[in-house]
Structure formats: C-alpha cells, structure tokens
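Each residue of the sequence shown is one higher than the last, beginning at 1 in my numbering.
Just so you know, even glycine gets a beta-carbon here, dropped at the ideal spot from N, CA and C.
For clarity, every value in this text was computed on a predicted model and none was experimentally measured.
First comes the structure, then the notes that go with it.
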Amino acid sequence: MAFVTLLTQSSYTAATLVLNHTLRLSGSRFRLYVMVSSSLPAQDRAILRRAGIRMLEVKDLRPPLSKWHPNPADARFADTWLKLRAFDLVQFSRVVLLDADMVLRANIDELMTKPLEPGWIAACPVCACNPEKRPHYPPDWKPANCPYTPLNHPEAATAAMPITPNSPAPYRLLNSGNVVLTPRREDAERIQSLIATSDMVSKFQFPDQDLLSHLFKSKWQPLPYVYNGIKPSRIHHAHMWRDEEVKVVHYVLPDKPWHRREWGNNPYATLYQWWWDAYDMVRDEMLLKNPTFAAQDLAYLEHHMSPRA
C-alpha cells in the first residue's frame with residue numbers, strides 16, 4: 001500500500017517535499033512514492049533522494065496531438081494524464097493518489113483499508129461553483145448544481161451527497177486530487193486504450209479527472225470533502241467547512257501558495273500560511289540533515305517556486 005503523487009517539473013518539487021513532510025507529520029504508516037517522468041531534471045531527483053523519497057519512473061501517457069491540447073488558461077494540466085500511470089502500479093494492493101499541491105492536516109491512513117468493490121475507485125466530487133467565473137468551464141458549473149451546496153456541518157465531514165438519477169450532472173464528476181484505487185492491469189489497459197483511440201478525449205477539459213469520471217461512471221464512491229478540501233470551499237461553502245476537521249487541503253486553481261510568501265488580504269491567505277508553515281519545517285530539516293547540499297538545494301527550490309521561473 002502506498003501514497004503516490006506525480007512530479008514532472010521543477011515548479012512542483014517544493015510542493016512535493018511539503019506533501020511528503022505533512023504525510024510523515026500525520027503519523028502515517030505508509031510511504032509516499034513519487035512518479036517521475038523523463039522531463040524531471042537531475043537536480044530535482046537528487047533533492048528527492050536526499051529527502052528519502054522513493055521515485056517511480058513512468059512512461060509518457062497522453063493523447064495524440066490531433067485529439068487533445070490543453071486550454072491555454074489551464075496549460076498546467078498538460079502533464080496530468082501521467083497521473084493515470086498509478087493504475088499500472090500493481091506492486092501495491094492499494095494506492096491513494098494525491099496531487100502535489102496538497103497539505104495533509106490529519107492522518108488519512110483509513111483510506112488504505114476503505115472497502116472498494118473490484119474495479120471501483122473513491123474520490124471527492126467536484127465543486128461546480130466556478131467562483132472565479134472562468135469562462136471556459138462547463139456552463140452547468142454553478143452553485144445550484146454543486147454537490148456541496150446542500151451540505152452543512154457537521155454531516156458534511158462524514159458523508160458526501162448521494163448520487164441519484166435526478167442529481168445535477170456535476171454530482172457525477174469527481175475531483176482527481178485524491179483518488180483511492182486498487183491498481184489492476186485491466187483498468188490500466190482500458191485507460192491507455194481510451195487515451196490512444198477515443199475521440200472523447202478531445203472534450204476533456206480536466207484530463208485525468210474527466211477520464212476517470214467517464215471510465216468509472218457509476219463505479220466511484222464519493223468521499224466527504226475533508227479528504228480533498230479545495231481552497232475555494234473555505235469561503236464558498238463555509239456552511240460545511242471547519243478548519244479543524246479538514247484532513248487534506250488542496251490548493252486548486254493557478255495561484256499556488258509558493259508563488260510568494262506574503263499574501264496580504266488575499267482571501268486564501270490563512271490556507272497559504274499553512275503551506276508556508278510546512279515548508280519552513282522542510283527547510284529547517286534540510287539545513288539540519290544535509291548542510292552540505294542544503295544551501296544549493298534551497299536556492300534551486302526557491303528559484304523554481306516563483307511563477308516567473
């Protein structure tokens with residue numbers, strides 16, 4: 001059993017270290033493995049090794065250019081197809097696939113033993129509010145159709161909205177920031193075949209996420225929001241959100257906490273400070289354990305944390 005994340009570019013290496021640190025801080029019994037692609041530079045790999053993080057080399061996985069290309073507003077999704085390589089990791093009986101732009105606030109080892117039917121996955125539903133009014137998002141993404149709108153505290157911490165035949169379409173969509181899965185070759189082959197041959201991929205705005213929602217339609221269990229607390233929910237779903245109950249914070253959307261240290265009156269400043277608190281612990285640990293390399297490693301990390309890098 002393993003926690004797994006994907007790292008393909010230097011701008012997310014610091015985030016990966018923070019994810020690993022908060023996983024260890026939670027007292028987890030399970031290790032984080034990092035899937036890496038050929039695009040990841042040697043310096044980043046060396047930093048991961050010095051942090052004691054094990055890497056899993058994965059082959060490229062993406063549709064032909066004739067079938068799919070990312071929306072310019074979401075170019076950061078270009079590599080997320082590779083997250084689906086987690087289904088190839090049959091050496092593990094259970095994988096909890098996490099995005100690197102996450103911070104654990106509590107132990108989530110219970111996901112390793114969550115009962116799943118063969119061929120099923122578990123994940124949190126999407127938030128369909130589209131609070132930033134991003135014009136390229138689906139037109140039915142509005143608060144009235146969001147699976148979190150009807151939820152309230154305290155029930156929201158332990159149960160997601162059920163999916164019924166009358167549910168709005170977004171209820172059937174999952175957020176792939178935290179996916180609980182049992183790797184199986186048959187699922188990996190289905191995924192690879194769909195990516196290579198299906199015309200449907202041209203319609204996928206959120207690559208891995210839309211594919212999983214399609215391929216596991218009626219075969220995914222909704223998890224409570226606490227396992228994938230996306231940052232807008234703290235504001236737009238305050239009726240259900242409680243800081244002390246959220247187990248995993250997910251820094252969705254283009255602005256990431258590591259883009260700058262001070263956020264002033266930004267509505268997400270408190271959440272961003274949680275990331276920086278964890279990063280400062282990572283930094284202190286590097287200076288203590290690897291003084292020979294720490295200065296150059298930190299300079300490298302912090303250069304690539306800037307959105308201008």
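In whole angstroms, give me the CA-to-CA distance for residue i and residue j.
| i | j | result |
| --- | --- | --- |
| D140 | D284 | 46 angstroms |
| V252 | S37 | 22 angstroms |
| Y94 | F87 | Per the sequence shown, residue 94 should be read as Arg rather than Tyr. Taking the straight line from one Cα to the other gives about 10 angstroms. |
| K203 | P168 | 19 angstroms |
| I47 | S10 | 11 angstroms |
| L151 | I108 | 22 angstroms |
| F216 | V103 | 26 angstroms |
| P170 | T149 | 12 angstroms |
| M1 | F30 | 7 angstroms |
| L194 | K289 | 45 angstroms |
| K318 | P232 | Nothing about residue 318 can be read from this structure; the chain reaches only from 1 to 309. |
| A144 | H214 | 22 angstroms |
| Q91 | Y225 | 29 angstroms |
| L301 | W276 | 14 angstroms |
| P115 | C124 | 16 angstroms |
| V126 | F206 | 11 angstroms |
| E245 | A157 | 7 angstroms |
| S26 | M281 | 14 angstroms |
| Q296 | K133 | 41 angstroms |
Let me confirm a value: residue i is counted as buried when at least 16 other C-beta atoms fall within 10 Å, else exposed. Which label applies?
| i | result |
| --- | --- |
| R85 | buried |
| R105 | buried |
| A42 | exposed |
| P162 | exposed |
| K247 | buried |
| L65 | exposed |
| A332 | Residue numbering for the chain in the displayed model covers 1 to 309; residue 332 lies beyond these limits and cannot be assessed. |
| H239 | exposed |
| V136 | Note that residue 136 corresponds to His in the displayed sequence, not to Val. By the neighbour-count rule (16 or more Cβ atoms within 10 Å), H136 is not buried but exposed. |
| K83 | buried |
Does the ligand SAM have a heavy atom nearer than 6 angstroms to the CB of residue i?
| i | result |
| --- | --- |
| R261 | Only the bare structure without any ligand can be found here, which leaves the ligand SAM out of the picture. |
For residue i, does the three-state DSSP call read helix, strand or coil?
| i | result |
| --- | --- |
| T197 | helix |
| N130 | coil |
| N152 | coil |
| R54 | strand |
| T13 | helix |
| A2 | strand |
| L287 | helix |
| L298 | helix |
| N178 | strand |
| L7 | strand |
| M161 | coil |
Can residue i and residue j be called in contact, C-beta distance under 7 angstroms?
| i | j | result |
| --- | --- | --- |
| R50 | Y33 | no |
| A294 | M305 | no |
| H259 | G177 | no |
| Y272 | P257 | yes |
| V201 | P63 | yes |
| A159 | L223 | no |
| L98 | T22 | no |
| N175 | N130 | no |
| A312 | L19 | With the chain running from 1 to 309 in the structure shown, residue 312 is simply not present. |
| R242 | H153 | yes |
Quiz item: Which runs of the beta strand (DSSP E) spanning at least 3 residues fall entirely within the segment 191-266, listed in chain order?
Solution: Runs of beta strand (DSSP E) with 3 or more residues, each lying fully within the segment 191-266, are found at 220-222, 248-250, listed in chain order.
Practice problem: Entirely within the segment 81-130 and at least 3 residues each: give me those beta strand (DSSP E) ranges in chain order. | Solution: Runs of the beta strand (DSSP E) inside the segment 81-130: 95-98, 102-104, 121-125.
Practice problem: For the segment 21-51, list the alpha helix (DSSP H) runs that are entirely contained and at least 4 residues long, ordered along the chain. | Solution: Complete alpha helix (DSSP H) runs here, min 4: 42-50.
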